[in-house]
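Notes follow the structure.
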Amino acid sequence: MDSKFLRKAKPYLAVIMLQFGSTGSAIIAKSALNHGMSHYTFSVYRNIVATVVMAPFALVLERKIRPRMTFSIFYKIVLLALLEPVIDQNLYYAGMKYTTATFASAMCNVLPAITFLLAWALGLERVNIKRWSSQAKVAGTLVTVSGAMIMTLVRGSIIGLPWTRHSHINSQLTAADADANSHQNPVRGALMITAGCFCWSIFYILQKKLTYLQAITLKSYPAGLSLTALICMGGALQGTALTLVAEKSNTAIWTIRGDTKLLAYVYSGLVGSGITYYVAGVVSKEKGPVFATSFNPLSMVFVAVMSSFILAEQLDVGKVSGAIVIVVGLYLFIWGKAKDKKESLTLNAQSEMVVEKQGSATNSSTNASKDNQSDVSKAISCDNVV
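Residue 100 in full-length UniProt numbering sits at position 100 of the sequence shown; the count goes up by one each step and never skips.
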């Protein structure tokens, strides 16, 4: 019983832990960006770290199951590396520069809706509006996005928390970020982050297609660790080329020092890129791409809470209200996914029973035909004897 429960709970625990990891990555990255880190070199270095960490495990653990590299697999990996490690990361962190960590995390909650629509268009998600499961998935997606918007746009009175009540402490903590806050542009940041979310959604879906399905990509690539390492390596190479073009006159951005920037490179590379890509791919295989992205609102809640005492951001009624709405939408969506899977299993079982009955009927008719043929043969034999 316990093992069965743990097996069912694994995907949920995995994506929740991923959101905790993403929370740390967002806060550390925002702090480093405020202190002059380039989002171009950040993308390059984090993917280099992820490649160095993941490659040895891939070489050892997947040496027997790693398929031969073909041109079909190669160009799809290049596309995956371009979509998430290069385009999405640069757009997301460029957008974060113009906003806050909480705002960036909140804007990412358009991701489940985008992924749901794209997955539906590609046939990875079934939608039958007459069924409760589909209604719950659609409603959950809309409610989740609405909660994110409430959390972003609605302010209200400040909620006094024990670690945010002393204004002089907050002033000291936010002094280093004052210049960055004065250059904020929420509209530009929101557009950049939304565009990055489109790339992120396509990345999730194509990763599932490349790794586990043969209908579109024609080739299967079951080696998840190897795929993760190759995507990160491709992202580092393509990101380097992009950085050399975009920042060709600014060589100082490549300098590595033992400060917040180095922590951002290592932490985001290990957790944000390496572990996240692999675990998200495994969860997408088992539960589908929409399930993996539907937990992203949790990261926003975690960021809002942790940034309140790490980056001295204050919680208000709007943020708390939005968080409650997000939780409601999240449970609606998960309920719809669970009910949808249960309905699918029931339909599959019924289909198998029909096939078995048809097979039994066919066998019975075949045996009856053989018996009739045997009786006729016997009759003919008797006639011949007579």
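Even for Gly, the Cβ is constructed at its ideal location relative to N, Cα and C.
Buried or exposed: where does residue i fall if 16 or more other Cβ atoms within 10 Å of its Cβ makes it buried?
i, result
"V303", "buried"
"V245", "exposed"
"P67", "exposed"
"W132", "exposed"
"M17", "exposed"
"A113", "buried"
"G239", "buried"
"F5", "exposed"
"L124", "buried"
"A236", "buried"
"T99", "buried"
"K287", "buried"
"F74", "exposed"
"I65", "exposed"
"V317", "exposed"
"P85", "buried"
"L225", "buried"
"S72", "exposed"
"G21", "buried"
"S299", "buried"
"R7", "exposed"
"V187", "exposed"
"P11", "buried"
"T228", "buried"
"D259", "exposed"
"K342", "exposed"
"G322", "buried"
"A121", "exposed"
"T276", "buried"
"G36", "exposed"
"A241", "exposed"
"S3", "exposed"
"I77", "buried"
"I216", "Reliability of the predicted coordinates at I216 is poor, the pLDDT of 36 falling under 50, and the value obtained from them is presented with this limitation in mind. I216 should be labelled exposed."
Which partner residues of residue i appear in the DSSP bridge assignment?
i, result
"D316", "I158"
Could you tell me how far apart the beta carbons of residue i and residue j are, in whole angstroms, since I believe they sit closer than 8 Å?
i, j, result
"T41", "W254", "6 Å"
"residue 389", "A32", "Since the first residue of the chain shown is 1 and the last is 386, residue 389 is not available in this structure."
"S291", "K337", "Sequence check: residue 291 is Phe here, not Ser. The Cβ separation is near 6 Å, so the contact holds."
"A29", "S268", "6 Å"
"L91", "I158", "The pair is not a contact, with the Cβ atoms about 31 Å apart (cut-off 8 Å)."
"G140", "F333", "3 Å"
"L79", "L206", "7 Å"
"S249", "L118", "In fact, because the Cβ distance is near 38 Å, the residues do not count as touching under 8 Å."
"T144", "P297", "5 Å"
"L270", "V60", "No, L270 and V60 are not in contact; Cβ-Cβ is about 18 Å, not under 8 Å."
"T51", "M306", "The pair is not a contact, with the Cβ atoms about 28 Å apart (cut-off 8 Å)."
"S273", "R46", "5 Å"
"D88", "C232", "No, D88 and C232 are not in contact; Cβ-Cβ is about 13 Å, not under 8 Å."
"G95", "G234", "In fact, because the Cβ distance is near 23 Å, the residues do not count as touching under 8 Å."
"K97", "H39", "7 Å"
"A148", "A26", "At roughly 14 Å, the Cβ-Cβ gap does not stay under 8 Å, so A148 and A26 are not in contact."
"A101", "L311", "6 Å"
"A9", "W335", "Incorrect: roughly 16 Å between the Cβ atoms, too far for contact."
"V44", "T243", "6 Å"
"D340", "R126", "7 Å"
Starting from residue i, trace the alpha helix (DSSP H) in both directions and tell me its first and last residue.
i, result
"W120", "L111 to A121"
"A106", "A101 to M107"
"M306", "N296 to I310"
"I48", "H39 to L61"
"A236", "G224 to A246"
"I95", "Residue 95 is actually Gly in this sequence, not Ile. G95 -> alpha helix (DSSP H) spans Q89 to K97."
"L80", "F71 to A81"
"T251", "Run containing T251: none; DSSP gives neither H nor E here."
"K261", "T260 to Y267"
Contact criterion: CB-CB distance below 9 Å. Does residue i meet it with respect to chain C?
i, result
"K64", "Looking for chain C here will not work: only one protein chain is present."
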